[in-house]
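In this note's numbering, the protein residues as written are 642 to 859. Worksheet: the structure to be examined is printed underneath.
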Amino acid sequence: MISPTRGVIRRDGGLYALEKALHRRGFAAVAGADEAGRGACAGPLVAAAAVLGATPVPGLADSKLLTPAARDRVFDEVLARAVSYAVVIIEPADIDRYGLHVCNIAGLRRAIAGLDVRPDYALTDGFRVDGTGIPGLAVWKGDQVAACVAAASVLAKVTRDRIMADLDTAYPEYGFGVHKGYVTPVHAAALERHGPCPEHRRSYANVARVADKKYVSA
Numbered sequence: 642m643i644s645p646t647r648g649v650i651r652r653d654g655g656l657y658a659l660e661k662a663l664h665r666r667g668f669a670a671v672a673g674a675d676e677a678g679r680g681a682c683a684g685p686l687v688a689a690a691a692v693l694g695a696t697p698v699p700g701l702a703d704s705k706l707l708t709p710a711a712r713d714r715v716f717d718e719v720l721a722r723a724v725s726y727a728v729v730i731i732e733p734a735d736i737d738r739y740g741l742h743v744c745n746i747a748g749l750r751r752a753i754a755g756l757d758v759r760p761d762y763a764l765t766d767g768f769r770v771d772g773t774g775i776p777g778l779a780v781w782k783g784d785q786v787a788a789c790v791a792a793a794s795v796l797a798k799v800t801r802d803r804i805m806a807d808l809d810t811a812y813p814e815y816g817f818g819v820h821k822g823y824v825t826p827v828h829a830a831a832l833e834r835h836g837p838c839p840e841h842r843r844s845y846a847n848v849a850r851v852a853d854k855k856y857v858s859a
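Written as structure tokens, this is what we have:
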């Protein structure tokens with residue numbers, strides 16, 4: 642395996658600069674991995690990985706910087722243009738059982754392993770992921786500086802948002818379609834009123850507090 646030499650990546654080099662630098666050092670297939678849902682107290686954690694081709698993805702950016710409509714368009718473009726992609730869904734019960742950080746790292750690892758093209762190098766957003774069998778680098782705000790990580794962020798975010806829209810239909814009293822399971826005043830009020838549903842992460846303090854309250858008062 643070729644080890645990357647030290648080099649300088651210009652901040653104004655664009656979203657593809659880091660991957661191009663790795664390509665020049667012999668890493669032909671560079672995977673990016675990211676997740677969505679770490680900060681939510683309800684719904685799954687979704688991890689995704691992507692290897693992009695030579696053609697830029699129109700409109701690609703960090704998923705948090707895109708409008709919902711733009712994310713949907715970029716999502717379709719990533720599916721159409723990626724050399725390979727994979728999405729992993731981790732249910733709330735597993736987060737409660739194993740812990741958020743363990744599930745986050747495992748999800749990113751599983752997403753990279755799930756690619757049908759074995760990458761030569763992996764870029765992950767923020768967190769170092771061991772056990773992939775390939776060299777890699779954790780990149781601070783990777784979804785803003787590496788195209789493959791941005792693509793993974795869009796895959797994870799759109800997939801999770803669509804899951805939360807379905808859960809909004811199943812549990813309309815919580816407003817999942819609006820806040821996507823994150824902690825907001827509306828969500829907190831719904832938890833106080835109705836208690837947690839099966840999609841809430843009961844290991845989270847705000848959910849556990851309400852669950853205990855409902856249990857004691859029952």
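Backbone N, C-alpha and C fix where the C-beta goes; we use that ideal spot for every residue, glycine too.
Quiz item: Taking the beta strand (DSSP E) that K674 falls in, what are its first and last residues?
Solution: A small correction: the amino acid at residue 674 is Ala; Lys does not occupy that position in the sequence shown. It spans 671 to 677 - the beta strand (DSSP E) in which A674 sits, taken as one unbroken run.
Practice problem: Compare the Cα-Cα distances from A702 to each of V715, R751, R801 and report the closest residue. | Solution: For A702, the nearest C-alpha among the options comes from V715.
Quiz prompt | Cutoff 8 Å; reference D735; Cβ partners in own chain excluding five residues on either side | solution = The residues are C744.
Quiz prompt | Continuous alpha helix (DSSP H) stretch holding G818: start and end | solution = Boundaries of the alpha helix (DSSP H) around G818: 817 to 820.
Self-check item: Three-way DSSP call (helix, strand, coil) for V743 in this model
Solution: DSSP places V743 in helix when its eight states are reduced to three.
Quiz item: When you compare only the Cα positions, how much space is there between L706 and V799?
Solution: A direct Cα-to-Cα measurement between L706 and V799 gives close to 13 Å.
Self-check item: Whole-angstrom C-beta distance between V795 and V724, which should lie under 8 Å
Solution: For V724 against V795, the beta-carbon gap comes to about 16 Å, at or over 8 Å, which does not count as contact.
Practice problem: Keeping to the same chain, check which residues put their C-beta closer than 7 Å to that of D713; ignore five residues upstream and five downstream. | Solution: For D713, where only same-chain residues beyond five positions count, the Cβ hits under 7 Å are V799.
Exercise. Report the residue from Q785, G680, R801 whose alpha carbon sits nearest the alpha carbon of N847.
Key: The candidate whose alpha carbon is nearest that of N847 is G680.
Self-check item: Segment contact flag, the region 743 to 758 with the region 679 to 695, C-beta cutoff 8 Å, min 3 pairs
Solution: Taking one beta carbon from each stretch, the region 743 to 758 and the region 679 to 695 have 3 or more pairs nearer than 8 Å; the two touch.
Quiz prompt | Between the CA atoms of K661 and I730 - distance to the nearest angstrom | solution = If you draw a straight line from the Cα of I730 to the Cα of K661, it is about 30 Å long.
Self-check item: C-alpha distance - V786 paired with L832, whole-angstrom precision
Solution: Going from the Cα of V786 to the Cα of L832 covers about 37 Å.
Quiz item: Going by alpha carbons, who is nearest to Y845 out of R769, G777, P733?
Solution: The candidate whose alpha carbon is nearest that of Y845 is P733.
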